[in-house]
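To start, the structure under review is shown below, and the notes come after it.
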Amino acid sequence: MTQAEIKLCSLLLQEHFGEIVEKIGVHLIRTGSQPLRVIAHDTGTSLDQVKKALCVLIQHNLVIYQVHKRGVVEYEAQCSRVLRMLRYPRYIYTAKTLYSDTGELIVEELLLNGKMTMSAVVKKVADRLTETMEDGKTMDYAEVSNTFVRLADTHFVQRCPWVPATENSDPGPPPPAPILVISEKDMYLVPKLSLIGKGKRRRSSDEDAAGEPKAKRPKYGTDNKEPIPDDGIYWQANLDRFHQHFRDQAIVSAVANRMDQFTFQTQTSSEVVRTMLRMSEITTPSTDPFTQPLSSNEIFRSLPVGYNISKQVLDQYLTLLADDPLEFVGKSGDSGGGMYVINLHKALGSLATATLESVVQERFGSRCARIFRLVLQKKHLEQKQVEDFAMIPAKEAKDMLYKMLSGNFISLQEIPKTPDHAPSRTFYLYTVNILSAARMLLHRCYKSIANLIERRQFETKENKRLLEKSQRVEAIIASMQATGAEEVQLQEIEEMITAPERQQLETLKRNVNKLDASEIQVDETIFLLESYIESTMKRQ
Amino acid sequence: MEEYGACQGLKSSWPSGRGLAREWVGPTGWDRNKALRPRGGRSAVLQRWNAYPSARAFCLHPFLAGRHFGCTVLPKPRDLVSRTNPMAGSQGRGRAAYTFNIEAVGFGRGEKLPDVVLKPPPLFPDTDYKPVPLKAGEGEDYMLALKQELRETMKRMPYYIETPEEKQDIERYSKRYMKVYKEEWIPDWRRLPREMMPRKKCKKGPKSEKVKDMGKGASLTNTADVLKKIEELEKRGDGEKSDEENEEKEGGKEKSQEGDEEDDAAAEQEEYDEEEQEEENDYINSYFEDGDDFGADSDDNMDEATY
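If you read the sequences in order, they're chains A and B. In this text, residue positions in the first sequence follow this note's numbering: the first is 133, and each later residue adds one. In this text, residue positions in the second sequence follow this note's numbering: the first is 220, and each later residue adds one.
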């Protein structure tokens with residue numbers, strides 16, 4: 133794990149779980165797998181706190197444990213999973229676009245709690261939805277259950293590995309840690325529950341407020357006296373499936389950008405590609421370089437209902453896509469009207485390359501970008517050839533090449549003419565190694581997000597006093613409005629915050645929003661680059 | 220004096236006067252010292268070479284027979300030389316020397332090269348091109364709002380473990396009312412290693428702060444129950460002390476310590492749930508708890524105090 137990744141993990145853990153969990157988590161990421169006592173000793177925290185922190189981390193799937201010989205249990209942190217915490221808003225938003233509010237809340241609860249049983253999820257989501265509905269209406273458990281089942285069927289949520297049911301006649305002492313098993317076919321199996329009920333609205337009246345501390349905070353286990361029907365069956369969000377969805381989205385939008393600007397019919401080629409991807413969703417594992425071959429007839433049948441293009445038009449589009457130099461779609465045979473595949477690996481490569489090109493353009497200028505694209509296209513070029521092909525004066529071309537070289541976007545390849553590698557008799561060719569440039573850019577992205585988070589925390593800390601004051605004022609106004617106060621009184625309270633302070637708050641809000649939005653968008657680039665690197669490494 | 224004559228001294232691939240020092244093989248074979256001498260030393264070598272006409276006569280290479288080994292070196296800015304070879308400047312007769320064909324890399328002869336950078340790049344460099352504005356749209360706005368909301372929500376979840384604050388000199392009045400009520404979370408012990416279960420070593424453990432919230436929830440147990448439980452705890456307190464002693468005695472043997480913990484954990488597993496409720500029993504009923512029944516009780520107590 134690089135220093136930049138560790139720093140970013142530390143910031144994320146601290147923001148989400150507090151300092152103690154952050155200390156333990158970062159220690160585990162740095163040192164690899166360790167037993168409990170060593171962690172406590174090395175970090176200098178008490179055993180109790182280490183246990184608590186580890187419980188939290190295990191609950192959120194950030195740390196796994198393994199039983200080694202002699203009964204020692206070792207804990208290992210998963211750095212890449214910690215980095216996924218940046219992407220939570222995107223997952224939740226995607227669930228919203230696919231399954232509307234119910235799906236969104238289900239995924240949100242699962243992400244916030246790590247793992248939950250289905251009944252707990254349904255209950256919580258129903259309660260939350262009921263609160264947002266108008267008075268008198270409640271959300272039925274059945275509807276939420278249906279959405280949950282749909283999410284499970286499309287693999288967006290999956291079961292966690294579970295404790296195998298052992299017979300009671302197990303000789304010897306129980307093992308130090310349960311070995312969790314998972315079987316492929318049971319991973320999306322929804323238990324047969326009959327959840328009957330409606331969401332409860334939590335009344336916010338005053339008389340309940342006093343009763344709240346007692347009644348609202350019962351212990352988790354002892355409150356429900358009835359046995360939970362699906363006890364022990366926990367569900368978690370399936371992040372890989374979301375990544376597959378993002379990848380498909382990226383490919384479809386790339387095709388749309390490239391092909392659909394010139395057609396009169398809106399979005400046809402991207403629709404075709406989207407159909408093909410949808411058909412291969414469940415059949416093709418996401419790490420394959422190609423989808424399963426699909427025949428043109430199948431595609432025609434699976435096009436969305438509203439689309440009424442004829443078969444010939446579809447064939448034309450498919451041929452056009454297959455001939456495109458981007459090579460997103462390839463033709464793999466002629467049976468069934470033509471068998472077509474989507475080159476996932478090539479598509480990811482093109483996306484990563486496009487990212488690199490745009491970074492070069494924004495950082496160094498469009499002429500540099502031209503040289504970069506030239507070297508990309510021609511693979512290896514000498515200094516002189518670069519000047520000639522790019523039609524840029526020698527001096528400037530040199531300057532740009534060296535700028536890109538020192539930024540590690542371009543590298544030099546030496547080809548010696550003689551075995552002694554004399555510099556005078558060696559060809560020096562400029563080339564772009566996409567994999568290493570992508571890695572370099574990814575590393576840079578991690579650093580930038582860490583910087584963004586730090587800056588945001590700094591800004592918030594600087595204005596902490598002002599923020600607290602404004603929160604208090606808002607609370608006062610809200611309570612006064614609830615008890616019915618006059619406009620004049622509200623005005624007076626609002627004036628507690630002076631105009632320059634208001635200005636300061638506005639600036640703070642704008643800055644924090646900008647920083648947050650930047651984090652989300654850098655994360656999109658991280659996703660593309662990581663997918664490309666992963667796909668390349670799998671093929672090697 | 221070494222003999223430079225005869226082709227045993229020079230490699231067969233004759234340098235055209237600009238060869239690397241490493242191509243220079245001494246009479247005894249690969250002479251490391253000579254080879255890795257600073258390159259400027261080559262000029263000195265050339266001087267010596269030129270000083271021995273007899274040696275040159277031995278040289279049978281058709282190319283260079285009769286040719287004077289001139290110093291056909293390129294002029295080089297002093298700073299570049301000093302970067303690669305601190306001694307070259309002085310030894311190259313005041314002129315710098317490249318060891319390779321500078322034109323291959325694209326610089327013309329005699330051209331001014333950019334200055335050598337001797338410090339790390341600036342922390343906040345000026346950028347020539349301003350960054351592109353952020354994407355704006357419904358989706359992005361929603362995700363932004365979500366992100367900020369999630370951040371706030373996470374802080375209120377039971378998974379957020381707060382660092383125990385140091386005691387402040389003056390207890391702020393407002394702190395009582397800004398406390399966030401957190402739900403208690405108990406993990407599913409069946410899924411976790413057995414060593415994860417917290418051991419009840421002492422009542423005043425760091426757990427007490429987290430459990431305080433929970434303790435308030437279960438605070439109103441009967442006095443009779445409380446007294447009974449206090450007795451149990453006293454009895455168990457002796458048992459726990461002996462546990463601690465045991466553990467310390469066994470020292471660093473992890474396995475046996477694990478074994479101890481497991482036994483105790485097994486013994487205490489059933490009682491764990493009860494013990495969760497036992498925190499601060501002594502004080503619950505008779506003393507005023509923060510935030511608990513604030514409106515109801517305090518009015519009664521403070522009737523006499525109001526003026």
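Yeah, the Cβ is synthetic: ideal placement off N, Cα and C, and Gly gets one too. Since we're looking at a predicted model, the values are computed, not measured.
Going by C-alpha positions, T550(A) is about 26 Å away from Y534(A). Under the rule that a run must span 3 or more residues, the beta strand (DSSP E) segments found entirely inside the segment 446-517 of chain A read 461-465, 471-474, 512-514. Our two residues, K510(A) and N540(A), have alpha carbons roughly 18 Å apart in a direct line.
The three-state reading of DSSP puts R391(B) in coil, since its state is none of H, G, I, E or B.
Interface annotation for the segment 625-655 of chain A against chain B: V644, N645, K646, D648, A649, S650, E651, I652, Q653, criterion Cβ-Cβ distance under 9 Å. For T400(A), the secondary structure class from DSSP, reduced to helix, strand or coil, is helix. Using a Cβ-Cβ cut-off of 7 Å, I389(B) does not count as an interface residue toward chain A, since no Cβ of chain A sits closer than that to its own. Listed along chain A, no residue sits closer than 9 Å to L452(B) by beta-carbon distance, the nearest being about 18 Å off. Here K155(A) is buried: its Cβ has 16 or more other Cβ atoms, across all protein chains shown, within 10 Å.
Not a single C-beta of chain A is nearer than 7 Å to the C-beta of R375(B). For Y534(A), the enclosing alpha helix (DSSP H) begins and ends at 526-538.
By the neighbour-count criterion, in which a residue is buried when 16 or more other Cβ atoms sit within 10 angstroms of its Cβ, I389(B) is exposed. Note that the C-beta distance between A569(A) and L488(A) is below 7 Å. Among the CB atoms of chain A, none fall inside 7 Å of the CB of P340(B).
With a 10 Å radius around the Cβ and a threshold of 16 neighbouring Cβ atoms, I311(A) comes out exposed. The beta-bridge partner set that DSSP reports for A369(A) consists of V289(A). No Cβ-Cβ contact shorter than 7 Å links S667(A) with H512(A). DSSP places Q381(A) within a helical segment (H, G or I) once states are collapsed to three. Scanning its chain for C-beta atoms nearer than 8 Å, with the 5 sequence neighbours on each side dropped, one finds around V605(A) the residues I625, E626, M628, I629, in chain order.
Among the residues of chain A, those whose CB is under 8 Å from the CB of L353(B) are K646, A649, S650, Q653, following chain order. By DSSP's assignment, L561(A) forms a beta bridge with E514(A), Q545(A). In terms of Cβ geometry, L647(A) and L584(A) form a close pair [threshold 7 Å]. D272(A) has K330(A) as its beta-bridge partners, per DSSP. Rounded to whole angstroms, the Cβ separation of Y449(A) and V507(A) is 33 Å, and the two are not in contact under 8 Å. Nearest in C-alpha terms to S402(A), of all of P417(A), Y439(A), H375(A), is Y439(A).
For V199(A), there is no enclosing alpha helix (DSSP H); the residue is part of the beta strand (DSSP E) that begins and ends at 195-199. None of the residues of the segment 377-393 of chain A has a beta carbon lying less than 8 Å from any beta carbon of chain B. Taking C-beta atoms as the reference points, C292(A) and M415(B) fail to come closer than 7 Å. When beta bridges are read from the DSSP output, S427(A) appears opposite M471(A). Within 7 Å of the CB of I380(B), the CB atoms of chain A belong to F149, G150, I152, V153, K184, A185, V188, in sequence order along the chain. Within chain A, Y225 have C-beta atoms less than 7 Å from the C-beta of G358(B), given in sequence order. Under a criterion of Cβ atoms nearer than 8 Å, the residues of chain B adjacent to E494(A) are, in order, Y348, P350, V351. The residues H287, F288, V289, Q290, in chain order, have a CB closer than 8 Å to that of N370(A) in the same chain once the five nearest residues on each side in sequence are set aside. With fewer than 16 other Cβ atoms from the protein chains shown falling within 10 Å of its own Cβ, E384(B) counts as exposed.
Following the DSSP letters along the chain, one finds V158(A) inside the alpha helix (DSSP H) bounded by residues 151-163.
Contact residues of the segment 233-245 of chain A toward chain B are L244 (C-beta to C-beta distance below 7 Å).
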